[in-house]
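> Here the sequence shown stands for residues 1 to 463, numbered as in the UniProt record's numbering.
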Amino acid sequence: MAATPRKHVLIIALPAYGHLIPLLELGRKVVKYHDVTFAVSHSRVADIKARELASEADFPFYGIPDGFVETNVQLIDRTEFAAMMEKVLPAIRKLLETVPTGNDRPSVDGPSGITRPVDVVIGDNIAAPSLRVCHDRDIPYYFFNTAAASLTLGCLIVDENYPTIPESEEDILKFMEMPPPNAPPPPMSVMFKQIMMPIRETMPLVKGIVFNSIRSMEAEMLAIIQSFPIMKDLPVYFVGPLVPETEKVSVAQLDQQEKVRKWLDRQAERSVVYVSFGSVVVPMTEQLAEIAKGLRKTGKPFIWSVPTRAHHELPDDIASKIAGQFETEDSDFLILPWAPQKLILQHPATAVFVSHCGWNSTLESVATGVPVVGWPMFGDQKLNAEWLVDRKMAVMVEEFGLKPKRVLTAAELESAIRRVGWNGDSADTSYRQAALEWKQKAATGPGSDSNLDILRLVSDIQS
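#1: Got a sec? Which residues, its chain only, sit under 7 Å from A427 by beta carbon, not counting five neighbours each side?
#2: Only counting the same chain, and skipping five residues up and downstream in sequence, which positions put a Cβ closer than 6 Å to that of G27?
#3: Which stretch, first to last residue, makes up the alpha helix (DSSP H) that contains W359?
#4: With the cut-off set at 9 Å, would you say N103 and R51 are in Cβ contact?
#5: If we ignore side chains and look at the alpha-carbon of each, how far apart do P90 and S43 end up?
#6: Please determine, among A411, L363 and K405, the residue with the shortest C-alpha to C-alpha distance to A394.
#7: From L173 to A127, what does the alpha carbon distance come to, in whole angstroms?
#8: In its own chain, which residues sit with a C-beta less than 7 Å from the C-beta of H135, not counting the 5 before and 5 after it?
#9: What separation, rounded to the nearest whole angstrom, lies between the Cα atoms of T101 and L388?
#10: Residues in the same chain with beta-carbon distance under 6 Å from K439, minus the five sequence neighbours each way, listed in chain order, please.
#11: Would you kindly work out how many angstroms separate the C-alpha atoms of F143 and V121, rounded to a whole number?
#12: Once DSSP output is grouped into helix, strand and coil, what is the label at Y431?
#13: Measure from the alpha carbon of I461 to the alpha carbon of each residue in M231, P235 and V99, then state which is nearest.
#14: Can you pull the DSSP bridge partners for A349?
#15: Using a Cβ-Cβ cut-off of 6 Å (strictly less than) and excluding sequence neighbours within five positions of R116, which residues of its own chain qualify?
#16: Report the residue ranges of all alpha helix (DSSP H) runs contained in full by the stretch 182-213; include only those spanning at least 4 residues, in chain order.
#17: DSSP three-state label for D35, please.
#18: If you reduce the DSSP assignment to three classes, tell me which class R137 lands in.
#19: Inspect the beta-carbon positions of R266 and H347 and report whether they are closer than 9 Å.
#20: Do the CB positions of Y274 and I335 come within less than 9 Å of each other?
#21: In the structure shown, what three-state DSSP assignment does W304 receive?
#22: Residues in its own chain within less than 7 Å of L151 by CB, not counting five upstream and five downstream?
#23: Flag this pair as touching only if the stretch 322-340 and the stretch 353-363 have three or more C-beta atom pairs under 8 Å; answer yes or no.
#24: Near I139, which residues of its chain fall below 6 Å by C-beta distance, leaving aside the five closest residues on each side in sequence?
#25: Do the stretch 427-436 and the stretch 302-312 meet, that is, are 3 or more Cβ pairs less than 8 Å apart?
#26: Where S320 and A289 are concerned, what is the direct C-alpha to C-alpha distance, given to the nearest angstrom?
#27: For the stretch 231-296, list the beta strand (DSSP E) runs that are entirely contained and at least 3 residues long, ordered along the chain.
#28: Please classify V40 as buried or exposed, where buried requires at least 16 other C-beta atoms within 10 Å of its C-beta.
#29: Which one or two residues does DSSP pair with H8 in a beta bridge?
#30: For V373 and S365, which I take to be in contact (beta-carbon distance under 8 Å), what is that distance rounded to the nearest angstrom?
#31: Following the continuous alpha helix (DSSP H) through I454, name the residue where it begins and the one where it ends.
#32: Thinking just about the alpha-carbon of each residue, which of L96, L131, N125 and G445 is nearest to the one in residue 465?
#33: Mind checking who V120 pairs with in its DSSP beta bridge?
#34: In the DSSP output, what is F144 paired with across the bridge?
#35: What span of residues does the alpha helix (DSSP H) with G27 cover, start to end?
#36: Who pairs with T101 in a beta bridge, going by DSSP?
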């Protein structure tokens, strides 16, 4: 009996790393069953390979000639994000208009650079306006949702009449909110509406939605989503957490990673507090001082990821010790401009993660079973923090965001950390127990929910 022929799957990513990294991981899973080509901005391809996030040994890359050259685009910067989309969306549309297909539908104006006919497309749902071309050319395509399922609910409730707030410099700093039951919808920024509306309009045309999330943790939200008529019969696949199995680092980072590992090895089990607000946001100077005091008040060793540009704003008793922090074995803290997060969260010495609750960090906390003190800053981070709180593995601080009403005090931070991390002298808190239970449910090995959904996805691609 002849083997089932492998389909050719074109995966299309945006050049923002928070979006393309999980798609790279999805590509690694799909390529075991089908052939994959990974398309992303041309300027990103060399960087992906240099950072060893993926290589041609995994699957071939196609560099989309979109003219995008920015190195670290962030959704927090509305102007920067809009500029990226102005370059990327037309180029994705052009690619999809010109790729060869196996259904004999002619391309618009010749070859795109991809010579093998494309059978199926999986694309970032934010590229919905361009992905619609797949429908016009009879190419089956799937949306990839890089965030929690609640963002899909956000898309489903948006229509032309959905209220917006006037555009201003602060709009993008506001949090995404889900309306409470039987309440009028909270207004959203014009930009978020412009992103969500095309997703909503295109949803009836896709073959399914692939979520970088965990089915068992999204059961309630999935039931709400599937109550919408357009979602009733639409296949959904929860294939997360899509986090790299190994953390690829440069030679310089490898040296620091080993130093961090040795420092962690010297700490007691479940004793370390890890603090990271991501690569974009640095709290104001007054807040940095209170964070430092709060960490000191816990009496626990800590690792704090702080960009180099903000080191001079740290209190003197900490800033003065950064240069020699690896030189003495009795150092009780590390201040790192780059932190090997996967190593830290997986290490048995780590007890608590103080996090901004970006989606990838949220999934990593679940995958490693580390309880969280949520300190969201913008965008969907408040939704993510609440998602962890609802699952009993986190608390959220009372003052958060980029422009909080007041400074969170050292005592408040200490209290939140202790509540999550320690029950008296014991590290066996209810938050840790919940985190470990969710870690088991989030496992991605054979027989797991995630693996079963991957198998269902690749089977549906075949059919």
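Glycine included, C-beta positions come from ideal geometry on N, C-alpha and C.
Taking the definition as stated:
#1: For the purposes of this step, residue 427 is taken as the residue at position 427 of the sequence shown. Spatial neighbours of A427 in its own chain (CB-CB distance under 7 Å, excluding positions within 5 residues in sequence) are listed in chain order as R270, A351 and G421.
#2: Taking the sequence shown and counting its residues from 1, the one referred to as residue 27 is at position 27. These residues qualify, in order along the chain: I11, V36, F38 and F59.
#3: Residue 359 sits at position 359 when you count from the first residue of the sequence shown. It spans W359 to T368 - the alpha helix (DSSP H) in which W359 sits, taken as one unbroken run.
#4: Along the sequence shown, one-based indexing puts residue 103 at 103. Along the sequence shown, one-based indexing puts residue 51 at 51. Against a cut-off of 9 Å, the Cβ pair of R51 and N103 comes out as no contact.
#5: The residue you call residue 90 lines up with position 90 of the sequence shown. The residue you call residue 43 lines up with position 43 of the sequence shown. It is roughly 16 Å from the alpha-carbon of P90 to the alpha-carbon of S43.
#6: Start at 1 with the first residue of the sequence shown, and residue 394 comes out as number 394. Looking at the Cα atoms, L363 is the closest of the given residues.
#7: Here residue 173 corresponds to residue number 173 of the sequence shown, with the count starting at 1. Here residue 127 corresponds to residue number 127 of the sequence shown, with the count starting at 1. Since pLDDT at L173 reaches only 45, below the 50 mark, its modelled position is unreliable, and the value read off the structure follows with that caveat. Each residue's alpha carbon lies about 22 Å from the other.
#8: In the sequence shown, the residue the question calls residue 135 occupies position 135. Excluding residues within five positions, the ones whose Cβ falls inside 7 Å are L205.
#9: Translated into the one-based positions of the sequence shown, residue 101 becomes position 101. Translated into the one-based positions of the sequence shown, residue 388 becomes position 388. Whole-angstrom Cα-Cα distance: 43 Å.
#10: As a first step, residue 439 must be located in the sequence shown, where it is residue number 439. Contacts found: G369.
#11: Position 143 of the sequence shown, counted from the start, is the residue given in the question as residue 143. Position 121 of the sequence shown, counted from the start, is the residue given in the question as residue 121. Their Cα atoms are separated by approximately 9 Å.
#12: By one-based count along the sequence shown, residue 431 stands at place 431. Y431: helix per DSSP, three-state reduction.
#13: Counted from its first residue, the sequence shown places residue 461 at position 461. In terms of Cα proximity to I461, the closest of M231, P235 and V99 is P235.
#14: Position 349 of the sequence shown, counted from the first residue, corresponds to residue 349. A349 pairs with nothing; no bridge assigned.
#15: Here residue 116 corresponds to residue number 116 of the sequence shown, with the count starting at 1. H8, listed in sequence order.
#16: 190-202
#17: Taking the first residue of the sequence shown as 1, we reach residue 35 at position 35. In the structure shown, D35 adopts extended strand secondary structure according to DSSP, grouped into three states.
#18: By 1-based counting over the sequence shown, the position of residue 137 is 137. Here R137 sits in coil by DSSP.
#19: Here the question's residue 266 lines up with position 266 in the sequence shown. Here the question's residue 347 lines up with position 347 in the sequence shown. No.
#20: As a position in the sequence shown, residue 274 is number 274, starting the count at 1. As a position in the sequence shown, residue 335 is number 335, starting the count at 1. Taking 9 Å as the Cβ cut-off, Y274 and I335 do not qualify as a contacting pair.
#21: Taking the first residue of the sequence shown as position 1, residue 304 is located at position 304. Of the three classes helix, strand and coil, the one that applies to W304 here is strand, per DSSP.
#22: The residue labelled residue 151 in the question sits at position 151 within the sequence shown. So the qualifying residues of the chain are N145 and D380.
#23: The way I'd put it, the stretch 322-340 doesn't touch the stretch 353-363; fewer than three beta-carbon pairs between them come closer than 8 Å.
#24: To locate residue 139, count along the sequence shown from 1; it is residue 139. The answer, listed in chain order, is T101 and V121.
#25: no
#26: Counting from one through the sequence shown, the residue named residue 320 turns up at place 320. Counting from one through the sequence shown, the residue named residue 289 turns up at place 289. Looking at the two C-alpha atoms, the distance is approximately 14 Å.
#27: 236-238 and 272-276
#28: Residue 40 sits at position 40 when you count from the first residue of the sequence shown. V40 is buried by the Cβ-count criterion.
#29: The sequence position of residue 8 within the sequence shown is 8, counting from 1. Per DSSP, D35.
#30: As a first step, residue 373 is located in the sequence shown; it is residue number 373 there, counting from the start. As a first step, residue 365 is located in the sequence shown; it is residue number 365 there, counting from the start. Separation of the CB atoms of V373 and S365 is rounded to 10 Å, and the pair is thereby denied contact status at 8 Å.
#31: Within the sequence shown, residue 454 is the residue found at index 454, counting from 1. First-last of the alpha helix (DSSP H) with I454: D449 to Q462.
#32: There is no way to answer for residue 465, as the model of the chain reaches only from 1 to 463.
#33: Indexing the sequence shown from 1 puts residue 120 at position 120. DSSP lists V9 as partners of V120.
#34: In the sequence shown, the residue the question calls residue 144 occupies position 144. The partner list for F144 (beta bridge, DSSP) reads D124 and V210.
#35: Indexing the sequence shown from 1 puts residue 27 at position 27. Counting along the chain, the alpha helix (DSSP H) containing G27 begins and ends at Y17 to V30.
#36: Within the sequence shown, numbered from 1, the residue matching residue 101 stands at position 101. For T101, which the question treats as bridged, DSSP gives the partners V118.
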